[in-house]
Amino acid sequence: MSTTEHARRRGADEPLPASLDRRFEAIVFDWDGTAVPDRAADAADLRALVEELCGRGLDLVVITGTHVGNVDGQLGARPAGPGRLYLCVNRGSEVFVAGEDGVELLDRREATPEEEAALDAAAAATVEELGRRGVAAAIVSKRLNRRKIDLIPEPEWADPPKARIAELLKAVQERLGAAGISLGDAVEIATTIARSAGVPDPRVTSDAKHVEVGLTDKADAARWAVAELARRGVGPGLTLVAGDEFGPLGGLPGSDSLLLVPEAAAAVALTVGAEPSGAPADVLALGGGPEVFLRILADQLERRRRGDVPELDGSSDWTLAVEGLDPALERVHESLLTLADGRLGTRGAPLFDHPSVERAVLLSGVYTGDGSRTELARAADWSRLLPAPGSPAPPLTRRLDLATGLLREEGPRASLRFSSLARPGTVALRAATNGGAVVPPSRHDASDAVNVAVRERQAGPIVDRIAAYDVNEKAAQAAVELAEAAGFERLLREQRHAWASRWAGADVVLEGDPALQKAIRFALFHLMASVGDEGEAAVGARGLTGPAYSGHVFWDSDVFVLPFLAATHPPAARAMLEYRVRRLPAAREAARELGRAGARFAWESAADGRDVTPPSVRLATGELVRIRTGELEEHIVGDVAWAVACYLDWTDDEPFAAGPGRELLVETARYWASRVRRGADGRAHIYGVIGPDEYHEPVDDNAFTNVLARWNLRRAAAVPGVDAAERGTWLEVADALVDGYDRASGIYEQFAGFSDLEPLVIAEVAPKRPIAADLLLGAERTARAQVLKQADVLMLHHLLPEEVPAGSLVPNLDFYEPRTAHGSSLSPAIHAALLARAGRYRPALDALRIAARLDLDDLTGSTAGGLHLATMGGLWQALVHGFAGVRPRDGRLHVDPRLPREWNALELSLRFRGRPLRLRVDRRGVSASPDGWAVEEAPDHWEVTPR
Amino acid sequence: MKKILIALDNSPAGRAVVAGAQALALLLDAGVEAVHVHEDGDRTARSTAEAAGVPLRTVSGTVADRLVEAGEAGDVVALAIGARGTAAARRPLGSTAAAVATTLAKPVLVVPPDGLEAPVFRSVLVPLEGTVSSSLAPRSVFELAAGAEIDVVALHVYDQASMPSFTDQPQHEQRAWEHEFVQRYCPWGITGVRLETRVGRTGEVIAQVAEECGCDVIALGWSQELAAGRAAVVRETLERSSHPLLLVPVRRAEPTSGVEATDAATAGRVQP
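Residue numbers (the working numbering), protein chains in the order written: chain A, 7 to 953; chain B, 63 to 334.
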């Protein structure tokens, strides 16, 4: 008889309750009385269960008051993983992990000599006080960080088994009662004495026989377990907590009640103990002792053996759910539910086909076609399932867990799939087919440019599919073989862990607006998923979430997406810059063809870096118009340089600064130096460009372009090792460049002649904003009027606040914002940031919400083609630069918050100069953690510096 | 066999109505039958029907009531009727046509008396306001026309109220938007629908685009309400267009085949 069968038979009298009819990812349990009847019991069955459960990916955490020798000596489990067995022993003071080679210490609370002395004094004084009251007690042991006092040091009660707990309690109560005190009084006495003895936060517990005075208790262990599991992407909603003493004992809370820390509130808790005073309402009372606990373990093992589809944590704060299938909105939902790993993206279509579904599997940076017809290659789809013959496709709910990048379909046939963040390009699917078939990835409609290798394993109704994509067939094969060897469970654990790590370094917590909080996390999830962190990352306007914009790379990538990654996951920002580095030859060639020096990056870039902007389009008005952005929107050159500086300011990546970063700064500066023309006024001018406001083309001396070019020239001039003559030229050109700034009004003229245009205030004319003013007014009328598509001059105040005169934000905001139609999806987030800087919270929040809901509410009508990554990046910038007021400056973080009344706090996870940082901004000011960051208050801001 | 019922009066528009009905019948693979409600004699109607080789049935009674009654017959898939045939009134819907079109729960082809006559409908213009419910209206016609060769030009007109918020990079945005619009609002089971967009007043633009695109007929979903303030687009199109206008009653939104929501009220909703 197998261990599993044995355990099941021993406790098979009653079915397990419905709340246990599911797969858990972690079980946290008490030892004595829960997992074993007593310290002498044979734990061979338990050992076998534990080892196989870990082997199938479950994490187990023992929480006990005893020391590791007792637990490990009895259990002796040596799991090989991938699941982990933690032993949280000594009442919250130590954590060990058990592996094939034995147990290893992970964490220990080390008491100071003063604390040790205080504990000794507390124990002695407690015994003395009890004796004074007529209770003979004795200090029986000096354990790590605690002292144990025996309240009934009688031979009869030397080592009572758990089964005699009621008798023991009665005997102790009689003994204490004779002295006129209760068990609770004894604990209270010990607590009071411990405090006066110098233990500021004494943890005093009692198991009826003893009172223990310590520095830690099981709650510390429970908190450690919750944090450790969360670090591995296993939330409390996936965790089972088991004990045997949750209910009160002698008027005191049961010892296992300490396991129910607030952080674990979403866990399922159960007791197998006798619970003489009853269990708390939120704890499932099963009784039956260790036999029942073993039966639960056996049940969990059986679920893993048969391949039950794993659950999601279920926290609605982190879940995006789509119920049913709405043919009209299906493609929008598929974009929202896209799974990506930075390298490969798969739209979140249901496994079952439907006419309204538009699947796409896209591999980053792999294009087909030429020139303006270049587009991201479509790869064969790995996630299709046919219904069983004769049965209709079942109804479904799709849930995307933003915390772990897992997409689960729920219904009669459940499935779970993911794109592996730990192994970009590798995907995994587990599905209950119930007679249906998984459709092999087909070459139909798929490009030859992408290879896919697939492995599949079917056991009964469950199919596990693992696939790997690469441009190289052998690489795809090698990747899938490695993934297959790891197996579905290990891949799943890697996925949870990888996403948890990314979130730990990038989360933004907004206290005070749960709906906005969720929208922020939705945006951050897709930003992280869309950008790889190895080699080069070609980040198209829609990332890997859909085919729109053909995967073409715009300034969206450098200016809107990159800052988030530079500040949270620098390798991804570096990969984005590497994309530009590798297109330098094409950019140099483009400059040369125009008779200029340096490098001219393409407005729309794809595989080889040559411009791929479509030459014309038929507008919504029916007119066929020429598209001139590829020819004229040259600020892209400065945008690339700005991205380099942004990355360096956050990371201080010296090799990059001295190598490819330097080259990018220098080559872009050379371009500007050759691009300017001297006017009759002797000043330097840049004629014939398009600024961010694309309603006006071509224009001369666009303020944004000119100031950006000036900054680019000066930044490059500051690069060490630049030829002195060249530096001199750059600085001279920078000084000579006109910028349209009027000192009297404090307003920049957007371009030469802007003030002569029809003075039309779109805020007063349009029925709503944002609005596509070029359609409302017609392209020609818009071009003749002072109507902006998006922030243009104001983009300087956002990107280069130190390049514009102090105090110039407000006059420019007052002038330009009412004249801005916000007809670009890039506009709302930037305005949210600037309005926040100006302290105009109501319009700032309005603009922020538009940016946050742009895709969730399909405000553009084109989310079906993919998500607006630049808006998502802009949203992060609005929160970090706008509201929190965080800027890297001279090796420090300059923090100048603007917190609206509706918000309690903003917490930002960042990485500055190689070190993680959690920055909190609230009503009291600014604080930083972990240790190692200094926060200093200056007259009008805070400075955060590494110690 | 399914048939198109021709409401034939004694007006000069009769010949155009018969021609329109025959073209529609070809498209829908249906027969034609004319019905005349006897009022002041039937010579004009009879000679029109005979000239076109269309069988004519004459009935007595209140004209609109009898036409609706005849149109409700199970084998009738659509009814063709003339717009008022006097030059003075241009082409508004006459009282009989109005009563029939607002009552009969089937497509009604309204044919202008002096309009374009196409022996075969090869191209249809389908104006769409961009709502799911109205987009389903033409489906019944396309289901009837299954297998027929016809070019479908969908038209969406932005007006002041429906102006989009964003145009972003129009060289990409427009294509992405159009693709999704067709997917979302042309769920008729036919491929190759071409989308035209315009900015303006819908009632003004429809006739103009029908002309530009060489369409033979305009199919317009409507709610069958002609009360003041309603059906402005229908009225204006009737006034401005010389094309036959197929008025298709908007039916309640129906799910398409395949995977469906368990609860229509929450179908496809993103939570929250």
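Just so you know, even glycine gets a beta-carbon here, dropped at the ideal spot from N, CA and C.
For G636/A, name the three-state secondary structure that DSSP assigns. Along the first sequence, read from residue 1 onward, the residue named residue 636/A stands at position 630. In the structure shown, G636/A sits in a helix (DSSP, three-state: H, G or I).
Listed from N- to C-terminal order along the chain, which residues in the region 217-237 of chain B have their beta-carbon within a distance smaller than 9 Å of any beta-carbon of chain A? H218, Y220, Q222, A223, M225, P226, S227, F228, T229, D230, Q231, P232, Q233, H234, E235, Q236 and R237
If you measure between the beta carbons of G253/A and E281/A, is that distance less than 8 Å? Against the first sequence, residue 253/A aligns to sequence position 247. Against the first sequence, residue 281/A aligns to sequence position 275. Cβ distance < 8 Å, so G253/A and E281/A count as in contact.
Just the chain A side, please: which residues come within less than 7 Å of T5/B by C-beta, in chain order? Nothing in the structure corresponds to residue 5/B, since chain B is present only between 63 and 334.
Name, in chain order, the residues that DSSP records as bridge partners for N457/A. On the first sequence, position 451 is the one that residue 457/A refers to. According to DSSP, N457/A bridges with D476/A.
Which residues bound the alpha helix (DSSP H) around H641/A? For the purposes of this step, residue 641/A is identified with residue 635 of the first sequence, where counting begins at 1. H641 to T657 is the extent of the alpha helix (DSSP H) around H641/A.
Distance between beta carbons of G411/A and W505/A, contact taken as under 8 Å: Here residue 505/A is taken as the residue at index 499 of the first sequence, counted from 1. Here residue 411/A is taken as the residue at index 405 of the first sequence, counted from 1. Their Cβ separation, rounded to whole angstroms, is 5 Å, which keeps W505/A and G411/A in contact under 8 Å.
Below 8 Å, how does it come out for the region 546-554 of chain A and the region 593-606 of chain A: are there three or more Cβ pairs, yes or no? no
Closest by CA to E540/A, which one among L326/A, A579/A, D519/A and D946/A? The residue labelled residue 540/A in the question sits at position 534 within the first sequence. If we check each option's Cα against that of E540/A, A579/A comes out closest.
When the cut-off is 8 Å and only beta carbons count, does G871/A lie next to chain B? Stepping through the first sequence from its first residue, residue 871/A is reached at position 865. So, interface residue.
Shortest alpha-carbon distance to A196/A belongs to which of V133/A, S507/A and T380/A? To locate residue 196/A, count along the first sequence from 1; it is residue 190. Comparing Cα-Cα distances from A196/A to each of V133/A, S507/A and T380/A, the minimum goes to V133/A.
CA nearest to the CA of A287/A, picked from S453/A, E500/A, T277/A and P296/A: On the first sequence, residue 287/A is found 281 positions in, with the first residue counted as 1. Comparing Cα-Cα distances from A287/A to each of S453/A, E500/A, T277/A and P296/A, the minimum goes to T277/A.
Between the CA atoms of E273/B and V94/B - distance to the nearest angstrom: The sequence position of residue 94/B within the second sequence is 32, counting from 1. The sequence position of residue 273/B within the second sequence is 211, counting from 1. One C-alpha to the other measures close to 27 Å.
So, at 8 Å on beta carbons, what are the nonlocal neighbours of V139/B in its own chain, with the 5 sequence-adjacent residues on each side left out? As a working note, residue 139/B is residue 77 in the second sequence. Hits under 8 Å: K64, K65, I66, L90, A92, K168, P169 and L206.
Please name the residue in K480/A, P467/A and G871/A whose C-alpha comes closest to that of A459/A. Taking the first sequence and counting its residues from 1, the one referred to as residue 459/A is at position 453. Measuring from the Cα of A459/A, the nearest candidate turns out to be K480/A.
C248/B versus A180/B: straight-line alpha-carbon distance, rounded: What you label residue 248/B is simply residue 186 of the second sequence in a count that begins at 1. What you label residue 180/B is simply residue 118 of the second sequence in a count that begins at 1. Cα to Cα, C248/B sits roughly 25 Å from A180/B.
In this structure, does DSSP put I155/A in helix, strand or coil? By one-based count along the first sequence, residue 155/A stands at place 149. Reduced to three states, the DSSP call for I155/A is strand.
Between the alpha carbons of T328/B and R419/A, how many angstroms are there, rounded? Taking the first residue of the second sequence as 1, we reach residue 328/B at position 266. Taking the first residue of the first sequence as 1, we reach residue 419/A at position 413. Because the pLDDT of T328/B is 34, which lies under 50, any placement of that residue in the model is unreliable, and the number read from its coordinates should be weighed accordingly. If I take the Cα positions, the gap works out to 20 Å.
Hey, could you find the ends of the alpha helix (DSSP H) L88/B is sitting in? Reading the second sequence from its first residue, position 26 is the one you call residue 88/B. Residues G76 to L90.
Chain-ordered chain B contacts of V771/A [CB-CB under 9 Å]: The sequence position of residue 771/A within the first sequence is 765, counting from 1. In chain order: nothing, as chain B lies at least about 11 Å away.
In its own chain, which residues sit with a C-beta less than 7 Å from the C-beta of P200/B, not counting the 5 before and 5 after it? Sequence index remark: in the second sequence, residue 200/B carries index 138 (1-based). Here the set comprises V188, W250, A281, G283 and V310.
Find the nearest neighbour of E462/A within the set A491/A, N478/A and S761/A, judged by alpha-carbon distance. On the first sequence, position 456 is the one that residue 462/A refers to. Of the candidates A491/A, N478/A and S761/A, the one whose C-alpha sits nearest the C-alpha of E462/A is A491/A.
Under the three-state reduction of DSSP, which class applies to R404/A: helix, strand or coil? Numbered from its first residue, the first sequence carries residue 404/A at position 398. Looking at R404/A - three-state DSSP - the assignment turns out to be strand.
Is T826/A near I768/A, with beta carbons less than 8 Å apart? On the first sequence, residue 826/A is found 820 positions in, with the first residue counted as 1. On the first sequence, residue 768/A is found 762 positions in, with the first residue counted as 1. For T826/A and I768/A, yes; Cβs fall inside 8 Å.
Within 10 angstroms of the Cβ of D107/A, are there 16 or more other Cβ atoms? Answer buried if so, exposed if not. Stepping through the first sequence from its first residue, residue 107/A is reached at position 101. The residue in question, D107/A, is exposed, as its Cβ has fewer than 16 Cβ neighbours within 10 Å.
What three-state label does DSSP hand H900/A in the structure shown? By 1-based counting over the first sequence, the position of residue 900/A is 894. H900/A: strand per DSSP, three-state reduction.
M878/A versus L854/A - alpha carbon distance: Counting from 1 along the first sequence, the entry for residue 878/A is found at position 872. Counting from 1 along the first sequence, the entry for residue 854/A is found at position 848. For M878/A and L854/A, the distance between alpha carbons rounds to 11 Å.
Members of the region 83-112 of chain B that neighbour chain A once the beta carbon cut-off is set at 7 Å: none
Report back the beta-carbon spacing between L326/A and S283/A to the nearest angstrom; my notes put them in contact at under 8 Å. For the purposes of this step, residue 326/A is taken as residue 320 along the first sequence, with counting starting at 1. For the purposes of this step, residue 283/A is taken as residue 277 along the first sequence, with counting starting at 1. L326/A to S283/A, Cβ: 43 Å. No contact.
Burial state of R930/A, where buried means 16 or more other Cβ atoms lie within 10 Å: Numbered from its first residue, the first sequence carries residue 930/A at position 924. With fewer than 16 other Cβ atoms within 10 Å, it is exposed.
Extent of the continuous beta strand (DSSP E) run through P922/A: Walking along the first sequence from the start, residue 922/A turns up at place 916. Note, P922/A: beta strand (DSSP E), R921 to D928.
CB of F204/B within 8 Å of CB of I268/B, strictly: By one-based count along the second sequence, residue 204/B stands at place 142. By one-based count along the second sequence, residue 268/B stands at place 206. Taking 8 Å as the Cβ cut-off, F204/B and I268/B do not qualify as a contacting pair.
Any idea what DSSP makes of C60/A, helix, strand or coil? Taking the first sequence and counting its residues from 1, the one referred to as residue 60/A is at position 54. In this structure, C60/A counts as helix in the three-state DSSP scheme.
Under 8 Å by Cβ, that's how I've got K697/A and T229/B pegged, so tell me the actual separation to the nearest angstrom. Residue 697/A sits at position 691 when you count from the first residue of the first sequence. Residue 229/B sits at position 167 when you count from the first residue of the second sequence. Reading off the sequence, residue 697/A comes out as Gly, not Lys. In fact, because the Cβ distance is near 16 Å, the residues do not count as touching under 8 Å.
Proximal chain A residues relative to W239/B, where beta-carbon distance stays under 7 Å: As a working note, residue 239/B is residue 177 in the second sequence. The answer, in chain order, is G867 and S868.
Could you check what DSSP says for S830/A in three-state terms: helix, strand or coil? Counting from 1 along the first sequence, the entry for residue 830/A is found at position 824. In this structure, S830/A counts as coil in the three-state DSSP scheme.
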